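Novice:
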Amino acid sequence: MKEKEQWENWMSQGFQQGEQLVNVKERDKCVWWIICMVKHYKLGPDTQCMAAVILDYMLSTARVQSKYLRCLALSTLCIACKVCEEPEAVPQISELIQGSGCTYSFRELLRMERVVLKHLKWNLSFVTPYTFLQLMLAVSFTFKDCCSMLRILRPFLNHICGCSELQLVYRCSVLTLAAFSLVLERYCPKQWLTVALCIQQQISISHEKFIACREDLVKSWAKEHNSVGLPLDIASHDDGHEVLLAGNVGAPLSADRTSFSSSSSSFSAGSHYRQTGSSRKRRRQKSRNSQGDQSSLSSSKGVVDPPCCCVEEISDALGVLYGKGLVEAEI
């Protein structure tokens with residue numbers, strides 16, 4: 001599903017409204033709960049974005065009552081884990097239920113999972129903010145700096161996923177580019193504009209929409225965190241949601257979890273929807289190991305190495321988006 005079609009078909013129309021149905025505030029709070037679960041179980045940002053997108057699709061196309069929201073959110077997280085994570089990185093469903101504080105049974109969660117997949121018609125080819133962020137980082141920085149920049153961008157990614165006010169106005173490519181440009185402006189002050197404008201042209205975003213999205217993203221961040229603007233050290237900024245949500249879910253989240261079991265009781269009786277291979281596991285392990293490595297980000301000026309490729313290379317690489325059908329030119 002192309003990004004433009006995906007956004008216009010359901011996100012731009014907003015969520016279903018009615019008595020006892022999930023409202024915008026409940027949706028945002030639930031997405032932040034998903035983010036906390038992802039952080040606790042050390043899952044990837046792609047899993048978080050996929051779960052949030054599936055949840056938004058369900059809220060936009062189905063009439064979901066508030067009492068079923070937590071069960072729906074947990075089932076979308078299960079589905080996202082099966083799509084994005086390595087089999088051994090997927091926590092057991094019983095652990096997720098206990099760690100989340102939910103009172104649902106194993107069968108109830110699997111039943112909700114089947115309902116979601118049936119509603120999706122088993123189409124899980126969604127475009128998420130991480131889809132674009134991954135490509136923007138890959139064509140702009142070396143591997144070492146990509147890992148560091150992803151760590152810096154993670155709070156922005158969390159904020160984008162958890163703010164329906166932005167999601168309903170801007171497509172994920174626009175939001176991702178806005179966040180990417182704000183971080184580039186802070187850490188690569190000499191080259192950020194050239195890179196941002198090149199990416200903007202390639203994914204067919206008008207200059208007015210790009211500037212408006214940057215401004216709205218900064219305002220939304222400041223409103224959410226009660227600050228004037230962006231923090232000086234974005235990477236070390238605490239989103240402040242973990243304590244709030246973790247305290248509302250009943251059973252405490254264990255802090256000493258470092259590994260996961262891949263026994264037969266994991267998530268569902270069937271196999272995973274997609275096996276990603278050992279290369280993904282190695283990349284994820286390298287990314288986690290490099291988080292403690294400050295590399296060029298720890299310099300006294302706080303500036304990373306310049307982007308490793310020229311404008312022409314960025315243009316060629318972003319052509320992959322068109323080849324995969326993720327974006328299309330706007331007339």
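Here our numbering is used: the first residue of the sequence shown is 1, the next is one more, and so on. Just so you know, even glycine gets a beta-carbon here, dropped at the ideal spot from N, CA and C. Please read all numbers here as calculations on a predicted model, not as lab measurements.
For my contact list, Tyr130 and Asp46 are in at a C-beta cut-off of 8 angstroms; report their separation, rounded to the angstrom.
Specialist: As a working mapping, residue 130 is identified with position 130 in the sequence shown. As a working mapping, residue 46 is identified with position 46 in the sequence shown. Confirmed, Cβ separation roughly 5 angstroms.
Novice: What are the uninterrupted segments assigned as alpha helix (DSSP H) that are 4 or more residues long and contained completely in the stretch 70 to 134, given in chain order?
Specialist: 93 to 100 and 106 to 120
Novice: Please specify which runs of the alpha helix (DSSP H), each continuous and at least 4 residues long, are wholly inside the stretch 148 to 226, giving them in chain order.
Specialist: 164 to 167, 172 to 187, 192 to 202 and 207 to 225
Novice: Tell me whether Gly99 is buried or exposed, calling it buried when 16 or more other Cβ atoms sit within 10 Å of its Cβ.
Specialist: If you number the sequence shown from 1, residue 99 lands on position 99. It counts as buried.
Novice: Taking its Cβ as the centre, do 16 or more other Cβ atoms sit within 10 Å of Asn158, making it buried, or is it exposed?
Specialist: Locating residue 158 in the sequence shown gives position 158, where the first residue counts as 1. Flag for Asn158 reads buried.
Novice: If you drop the 5 nearest sequence neighbours on each side, which residues of the same chain put their C-beta closer than 6 angstroms to that of Thr76?
Specialist: Reading the sequence shown from its first residue, position 76 is the one you call residue 76. Within the same chain, Thr76 has close Cβ partners Ala51, Ile54 and Leu55.
Novice: Whose C-alpha, out of Cys30, Arg171, Val116 and Leu193, is nearest the C-alpha of Leu217?
Specialist: One-based indexing of the sequence shown puts residue 217 at position 217. Closest by alpha carbon: Arg171.
Novice: Can you round the beta-carbon distance between Ile34 and Ala73 to whole angstroms, since I take them to be within the 8 angstroms contact cut?
Specialist: Within the sequence shown, residue 34 is the residue found at index 34, counting from 1. Within the sequence shown, residue 73 is the residue found at index 73, counting from 1. With a Cβ gap of about 6 angstroms, Ile34 and Ala73 count as contacting.
Novice: DSSP state of Gln16, grouped into three classes?
Specialist: Locating residue 16 in the sequence shown gives position 16, counting from the first residue. Residue state, collapsed to three classes: coil.
Novice: Would you report the Cα separation of Gly14 and Gln6, rounded to the nearest angstrom?
Specialist: Residue numbering aside, residue 14 sits at position 14 when the sequence shown is read from its first letter. Residue numbering aside, residue 6 sits at position 6 when the sequence shown is read from its first letter. Answer to the nearest angstrom: the Cα atoms are 13 angstroms apart.
Novice: Sorted by chain position, which residues of the same chain lie with C-beta nearer than 6 angstroms to Gln16's C-beta, five sequence neighbours on each side aside?
Specialist: Residue 16 sits at position 16 when you count from the first residue of the sequence shown. Answer for Gln16: Arg63, listed in chain order.
Novice: Can you give me the Cβ contacts of Leu150 inside the same chain, cut-off strictly under 8 angstroms, excluding the 5 residues immediately before and after it?
Specialist: The sequence position of residue 150 within the sequence shown is 150, counting from 1. Once the five neighbours on either side are set aside, the close Cβ partners of Leu150 are Pro45, Leu133, Leu137 and Ser287.
Novice: Check whether the Cβ atoms of Gly78 and Glu113 lie closer than 7 angstroms to each other.
Specialist: The residue you call residue 78 lines up with position 78 of the sequence shown. The residue you call residue 113 lines up with position 113 of the sequence shown. It should be noted that the sequence gives Cys, not Gly, for residue 78. With respect to the 7 angstroms criterion, Cys78 and Glu113 are classified as neighbours on the basis of their beta carbons.
Novice: By how many angstroms is the C-alpha of Glu19 removed from the C-alpha of Glu86?
Specialist: Translated into the one-based positions of the sequence shown, residue 86 becomes position 86. Translated into the one-based positions of the sequence shown, residue 19 becomes position 19. If I take the Cα positions, the gap works out to 40 angstroms.
Novice: For a quick check, are the C-beta atoms of Val83 and Leu59 less than 7 angstroms apart?
Specialist: Taking the first residue of the sequence shown as position 1, residue 83 is located at position 83. Taking the first residue of the sequence shown as position 1, residue 59 is located at position 59. No, the pair does not count as a contact, with Cβ atoms beyond the cut-off.
Novice: Determine the burial state of Leu297: buried for a count of at least 16 other Cβ atoms within 10 Å of its Cβ, exposed for fewer.
Specialist: If you number the sequence shown from 1, residue 297 lands on position 297. Confidence at Leu297 is low in this model, with a pLDDT of 40, below 50, so the placement of that residue is unreliable and no value is reported for it.
Novice: How about Cys30 and Thr128: do their beta carbons lie closer than 7 angstroms?
Specialist: Within the sequence shown, residue 30 is the residue found at index 30, counting from 1. Within the sequence shown, residue 128 is the residue found at index 128, counting from 1. No, the pair does not count as a contact, with Cβ atoms beyond the cut-off.
Novice: For Leu175, which residues of its own chain have a beta-carbon under 8 angstroms away from its beta-carbon, when the five flanking residues on both sides are left out?
Specialist: Mapped onto the sequence shown, residue 175 falls at position 175. Counting only Cβ-Cβ distances below 8 angstroms, and skipping sequence neighbours, we find Pro129, Ile160, Leu166, Gln167, Cys213 and Leu217.
Novice: According to DSSP, simplified to helix, strand and coil, what is Leu21?
Specialist: Your numbering for residue 21 matches position 21 in the sequence shown. It is a strand residue.
Novice: For Phe126, does the count of other Cβ atoms within 10 angstroms reach 16, so buried, or fall short, so exposed?
Specialist: Along the sequence shown, read from residue 1 onward, the residue named residue 126 stands at position 126. So Phe126 counts as buried.
Novice: Looking only at its own chain, which residues have a Cβ that is under 8 angstroms from the Cβ of Tyr68, when we skip the five neighbours before and after it?
Specialist: In the sequence shown, residue 68 corresponds to position 68, counting from 1. Correct list, in chain order: Met112.
Novice: Suppose you measure from the CA of Leu124 to the CA of His225; what does that come to, to the nearest Å?
Specialist: In the sequence shown, residue 124 corresponds to position 124, counting from 1. In the sequence shown, residue 225 corresponds to position 225, counting from 1. About 33 angstroms.
Novice: Taking the straight line between their C-alpha atoms, what separation do you get for Tyr41 and Pro91?
Specialist: Within the sequence shown, residue 41 is the residue found at index 41, counting from 1. Within the sequence shown, residue 91 is the residue found at index 91, counting from 1. Those two C-alpha atoms are separated by around 7 angstroms.
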